[in-house]
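Protein sequence lines, in the order shown, are assigned to chains X and U.
Mapping the first sequence onto the working numbering, position 193 (from 1) lands on 350, and the numbers just tick up by one.
Mapping the second sequence onto the working numbering, position 59 (from 1) lands on 657, and the numbers just tick up by one.
Cβ atoms here follow ideal geometry from the backbone N, Cα and C, with glycine treated the same way.
Report on one structure; see the data block that follows.
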Amino acid sequence: MSRLLRAGFSRLWKDKGFWAGFCFMFGLGIFIVCSKYHSKIQYNELARLDDAMFNYVIYAGLVSAIFCSMFLGTEYSDGTIRNKLIVGHLRSSIYLSNWLTSLAVSMLMVAAFFISYGTLGSLLLDEPGAPLRKICFYIFVSIFTAASYVSIFSMLAMLITKKSVSAVVGILVFLGLLILAMTIEARLEAPEFISAYSMTINGVEQINPEPNPHYLQPHARNVYQAILDLLPTGQSLQLSRMSVRHPFGMLFYSAAVSVITSVLGISAFRRKNLK
Amino acid sequence: MDYVLKTNALSKSYKEFKALNGLSMNVPKGAIYGFVGKNGAGKTTLIRLICGLQEPASGEYTLYGRKNTDREIAKSRRRMGAVVESPSVYLDMTAEDNLKQQYLILGLPSFDGLADILKLVGLEHTGKKKAKNFSLGMRQRLGIAIALVGDPDFLVLDEPANGLDPQGMVEMRELILKLNRERQITVLISSHMLDELSKFATHYGFIENGTIVKELSAEELNTACRKCVRMEVSDTKALARVLDWMEIDYKILTNTTADVYENVNVSRLAAALAKEGCEVISMKDRDESLESYYINLVGGGRNE
Chain X
158 MSRLLRAGFS
168 RLWKDKGFWA
178 GFCFMFGLGI
188 FIVCSKYHSK
198 IQYNELARLD
208 DAMFNYVIYA
218 GLVSAIFCSM
228 FLGTEYSDGT
238 IRNKLIVGHL
248 RSSIYLSNWL
258 TSLAVSMLMV
268 AAFFISYGTL
278 GSLLLDEPGA
288 PLRKICFYIF
298 VSIFTAASYV
308 SIFSMLAMLI
318 TKKSVSAVVG
328 ILVFLGLLIL
338 AMTIEARLEA
348 PEFISAYSMT
358 INGVEQINPE
368 PNPHYLQPHA
378 RNVYQAILDL
388 LPTGQSLQLS
398 RMSVRHPFGM
408 LFYSAAVSVI
418 TSVLGISAFR
428 RKNLK
Chain U
599 MDYVLKTNAL
609 SKSYKEFKAL
619 NGLSMNVPKG
629 AIYGFVGKNG
639 AGKTTLIRLI
649 CGLQEPASGE
659 YTLYGRKNTD
669 REIAKSRRRM
679 GAVVESPSVY
689 LDMTAEDNLK
699 QQYLILGLPS
709 FDGLADILKL
719 VGLEHTGKKK
729 AKNFSLGMRQ
739 RLGIAIALVG
749 DPDFLVLDEP
759 ANGLDPQGMV
769 EMRELILKLN
779 RERQITVLIS
789 SHMLDELSKF
799 ATHYGFIENG
809 TIVKELSAEE
819 LNTACRKCVR
829 MEVSDTKALA
839 RVLDWMEIDY
849 KILTNTTADV
859 YENVNVSRLA
869 AALAKEGCEV
879 ISMKDRDESL
889 ESYYINLVGG
899 GRNE
């Protein structure tokens with residue numbers, strides 16, 4: 158597999174998609190710092206370094222969806238995956254080498270973001286609010302989240318032989334997962350009681366709050382929270398707001414998503430008829 | 599005889615369609631094996647199977663003595679190179695970068711010989727031109743160049759002349775002959791361009807409806823396609839005696855028919871046969887081309 162990895166990385170350095178993604182993530186770091194700094198100056202509000210530090214994770218998911226379908230899809234569109242099989246490389250090795258290359262790309266893009274955000278942010282933004290240890294742990298969690306994105310989109314790219322279809326499906330899956338996570342998060346954040354107001358001759362009066370029918374009961378709440386922790390998009394939303402409820406659970410779920418999608422992907426790829 | 603590839607009752611289906619139906623064939627070492635069949639006969643399916651792109655539904659094949667079910671089949675595959683359907687090249691890379699990719703995929707320690715391969719296929723002057731800007735012929739040659747990385751002993755080419763102009767076809771033929779003669783590479787080449795194939799193939803396998811209907815050497819095919827006179831006589835034993843005496847090449851087909859492979863003086867022959875008490879019933883000129891041989895073999899329109 159080391160040969161396939163060497164070939165993959167050799168191709169990577171010449172791939173425009175990789176450099177576009179790398180520059181995007183680098184630029185994203187600069188953009189977020191500048192917009193926070195602008196708010197700080199204009200509204201004289203506190204802009205802590207860690208306020209928007211994890212906004213990148215959601216973008217890392219979108220970039221992974223596009224990159225995996227384009228980079229891995231080229232092997233199908235140009236037919237070059239056949240060159241690997243014909244000379245005797247195992248399908249599992251081909252799959253894993255592509256997954257590892259995509260994973261490395263994702264890590265490089267995360268690094269690109271932190272280089273620009275960290276450097277510029279430390280100059281322009283205020284001291285972080287959270288302790289350094291917590292920030293470091295969240296960085297670790299976010300890297301696992303990025304890895305789970307790569308695993309899902311690598312699987313799709315390796316199983317869908319049409320590059321354009323793979324790109325569209327990847328983006329749609331990402332958007333679907335994001336909408337699902339936002340819906341779940343909205344349900345979890347629904348208040349237990351709804352305050353009602355009444356207009357009387359004495360003016361606006363607050364009447365007794367009523368129970369919210371959409372408020373999740375403890376059992377359902379646990380299930381919704383577990384799904385939110387499981388979904389990479391759910392993890393991304395929690396990280397971006399620095400409101401992670403179960404960081405160790407998220408680490409476990411990210412690892413599980415990566416392993417399960419890779420096992421399923423390898424199993425399906427081994428049985429796939431290639432042209 | 600040593601065989602590079604032997605297949606035994608290979609079958610492959612796509613839903614209801616049986617692409618291969620118990621196909622058995624043998625590719626001798628050192629041969630240029632012309633794999634002939636019309637579109638949809640199963641040529642590409644067989645090539646996909648032996649290249650490991652797909653698995654057979656039943657049957658087996660042996661590549662350099664290793665069965666396809668053998669865990670070590672990968673070692674045999676390392677001795678082969680292939681161009682299946684369209685050339686497998688990164689369109690956004692130069693010819694040199696494409697070859698470098700294959701060197702890395704094979705794990706070769708250096709890029710030694712890269713320039714020689716490019717020169718061999720006539721792409722040494724392409725420089726920084728990307729493969730997407732190559733002509734179809736150039737891409738075909740680049741595909742072959744990639745297949746040649748690692749000095750394979752067995753080259754599989756699927757319709758390499760497709761879409762080439764006459765000059766490109768000549769160049770392709772010369773390249774294949776050169777590889778076979780100078781590097782002793784065994785070549786399996788699928789095609790439906792029979793006349794082109796007949797210029798360099800040493801063995802043929804005719805495929806129809808997923809089955810090999812005939813496998814023969816070029817000599818056997820030439821004999822079958824030789825210009826001749828088909829004679830119907832009352833006694834071919836008497837005919838044989840006369841033709842032996844006249845030193846004329848022939849082949850007895852049945853008790854009453856024979857093919858005579860030279861221009862004969864009909865009066866002399868008839869007189870000699872009369873002396874032997876043999877009657878000449880009919881004589882017909884036969885000049886079977888490779889195409890007509892193939893059409894006779896696969897049944898022509900019957901199979902359409």
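Quiz prompt | CB contact below 9 Å: Thr231 (chain X) versus chain U | solution = Taking the first residue of the first sequence as position 1, residue 231 (chain X) is located at position 74. Chain U, which has a Cβ nearer than 9 Å to the Cβ of Thr231 (chain X), makes this yes.
Quiz prompt | Counterpart residues of Glu653 (chain U) in DSSP-defined beta bridges | solution = Working through the second sequence from its first residue, we reach residue 653 (chain U) at position 55. Paired residues: none, contrary to the question.
Self-check item: Any C-beta of chain U under 9 Å from that of Val262 (chain X)
Solution: Numbered from 1 along the first sequence, position 105 holds the residue referred to as residue 262 (chain X). No, Val262 (chain X) lies away from the interface with chain U (no Cβ there is under 9 Å from its Cβ).
Self-check item: Whole-angstrom distance between Tyr252 (chain X) and Phe426 (chain X), CA atom to CA atom
Solution: Translated into positions along the first sequence, residue 426 (chain X) becomes position 269. Translated into positions along the first sequence, residue 252 (chain X) becomes position 95. One C-alpha to the other measures close to 8 Å.
Exercise. Report yes if the CB atom of Arg664 (chain U) is closer than 9 Å to the CB atom of Pro750 (chain U), and no otherwise.
Key: Position 66 of the second sequence, counting from 1, holds the residue named residue 664 (chain U). Position 152 of the second sequence, counting from 1, holds the residue named residue 750 (chain U). Not a contact, by the Cβ cut-off of 9 Å.
Quiz item: Between which two residues does the beta strand (DSSP E) harbouring Asp812 (chain U) extend?
Solution: Residue numbering aside, residue 812 (chain U) sits at position 214 when the second sequence is read from its first letter. With the sequence shown as reference, residue 812 (chain U) is identified as Lys, and Asp is not the correct amino acid for it. Unbroken beta strand (DSSP E) run through Lys812 (chain U): 809-815.
Quiz item: Do you know how far the Cα of Leu895 (chain U) is from the Cα of Ser167 (chain X)?
Solution: Residue mapping note: residue 167 (chain X) aligns to position 10 of the first sequence, counting from 1. Residue mapping note: residue 895 (chain U) aligns to position 297 of the second sequence, counting from 1. Rounded to whole angstroms, Ser167 (chain X) to Leu895 (chain U) spans 50 Å at the Cα level.
Quiz item: Is Thr237 (chain X) helix, strand or coil by DSSP?
Solution: Residue numbering aside, residue 237 (chain X) sits at position 80 when the first sequence is read from its first letter. The answer is coil: DSSP assigns Thr237 (chain X) none of H, G, I, E or B.
Quiz prompt | Environment of Gln590 (chain U) [buried if 16+ CB atoms lie within 10 Å] | solution = The question about residue 590 (chain U) has no answer here: the residues shown for chain U are numbered 599 through 902.
Quiz item: With DSSP run on the structure shown, which of helix, strand or coil describes Leu229 (chain X)?
Solution: Residue mapping note: residue 229 (chain X) aligns to position 72 of the first sequence, counting from 1. DSSP places Leu229 (chain X) in helix when its eight states are reduced to three.
Practice problem: Tell me, please, whether the CB atom of Val682 (chain U) is closer than 9 Å to any CB atom in chain X? | Solution: One-based indexing of the second sequence puts residue 682 (chain U) at position 84. Taking Cβ atoms only, chain X reaches closer than 9 Å to Val682 (chain U), which makes this a yes.
Exercise. Kindly list the residues whose CB is nearer than 6 Å to the CB of Ile671 (chain U), restricted to its own chain and excluding five residues on each side of it in sequence; keep chain order.
Key: One-based indexing of the second sequence puts residue 671 (chain U) at position 73. Cβ within range, chain order: Arg664.
Self-check item: Segment limits, alpha helix (DSSP H) that includes Tyr381 (chain X)
Solution: Counting from one through the first sequence, the residue named residue 381 (chain X) turns up at place 224. 375-387 is the span of the alpha helix (DSSP H), which, as asked, contains Tyr381 (chain X).
Practice problem: Check the C-beta distance from Glu813 (chain U) over to Asn624 (chain U) and give it rounded, since I have them as a contact under 8 Å. | Solution: Within the second sequence, residue 813 (chain U) is the residue found at index 215, counting from 1. Within the second sequence, residue 624 (chain U) is the residue found at index 26, counting from 1. Yes, they are in contact, since the Cβ atoms of Glu813 (chain U) and Asn624 (chain U) sit about 7 Å apart, within 8 Å.
Quiz item: Under three-state DSSP, which class holds Thr854 (chain U)?
Solution: For this step, residue 854 (chain U) is matched to residue 256 along the second sequence. Note: Thr854 (chain U) maps to coil in three-state DSSP.
Quiz prompt | Chain-ordered chain X contacts of Leu697 (chain U) [CB-CB under 7 Å] | solution = Start at 1 with the first residue of the second sequence, and residue 697 (chain U) comes out as number 99. Per Cβ cutoff of 7 Å: no residues; Leu697 (chain U) is ~11 Å from chain X at best.
Quiz prompt | Those runs of the alpha helix (DSSP H) which lie wholly inside the segment 770-801 of chain U and span at least 4 residues | solution = 792-795
Exercise. With distances taken Cα to Cα, identify the nearest neighbour of Ser400 (chain X) among X:Gly245, X:Leu247, X:Phe211, X:Leu332.
Key: The residue given as residue 400 (chain X) occupies position 243 in the first sequence. The candidate whose alpha carbon is nearest that of Ser400 (chain X) is X:Phe211.
Self-check item: Pairwise C-alpha distance: Ile364 (chain X) and Ile358 (chain X)
Solution: By 1-based counting over the first sequence, the position of residue 358 (chain X) is 201. By 1-based counting over the first sequence, the position of residue 364 (chain X) is 207. Cα to Cα, Ile358 (chain X) sits roughly 14 Å from Ile364 (chain X).
Exercise. Tell me Gly679 (chain U)'s beta-bridge partners as DSSP assigns them.
Key: Translated into positions along the second sequence, residue 679 (chain U) becomes position 81. DSSP lists U:Leu753 as partners of Gly679 (chain U).
Quiz item: Does the beta-carbon of Gln382 (chain X) have 16 or more other beta-carbons within 10 angstroms, so that it is buried, or is it exposed?
Solution: In the first sequence, counting from the first residue as 1, residue 382 (chain X) sits at position 225. By the 10 Å Cβ count, Gln382 (chain X) comes out buried.
Quiz item: DSSP on Met623 (chain U), reduced to helix/strand/coil?
Solution: In the second sequence, residue 623 (chain U) corresponds to position 25, counting from 1. Residue state, collapsed to three classes: strand.
Self-check item: Leu775 (chain U) versus Ala177 (chain X): straight-line alpha-carbon distance, rounded
Solution: Sequence index remark: in the second sequence, residue 775 (chain U) carries index 177 (1-based). Sequence index remark: in the first sequence, residue 177 (chain X) carries index 20 (1-based). Looking at the two C-alpha atoms, the distance is approximately 45 Å.
Self-check item: Proximity to Gly808 (chain U) [Cα-Cα], best of U:Asp600, U:Thr605, U:Tyr601
Solution: What you label residue 808 (chain U) is simply residue 210 of the second sequence in a count that begins at 1. For Gly808 (chain U), the nearest C-alpha among the options comes from U:Thr605.
Quiz item: Going along the chain, which residues of its own chain have a beta-carbon closer than 6 Å to the beta-carbon of Tyr354 (chain X), five neighbours each way excluded?
Solution: Against the first sequence, residue 354 (chain X) aligns to sequence position 197. These residues qualify, in order along the chain: Val361, Gln363.
Quiz item: Quick one: what's got a C-beta closer than 6 Å to Lys171 (chain X)'s C-beta in the same chain, skipping five residues either side?
Solution: Stepping through the first sequence from its first residue, residue 171 (chain X) is reached at position 14. Closer than 6 Å at Cβ, skipping near neighbours: no residue.
Self-check item: Bridge partner(s) assigned by DSSP for Ala353 (chain X)
Solution: For the purposes of this step, residue 353 (chain X) is taken as residue 196 along the first sequence, with counting starting at 1. Bridge partners of Ala353 (chain X): X:Ile364.
Quiz item: Can you find a CB in chain U that lies within less than 9 Å of the CB of Ser226 (chain X)?
Solution: As a position in the first sequence, residue 226 (chain X) is number 69, starting the count at 1. No, its Cβ sits nowhere closer than 9 Å to a Cβ of chain U.
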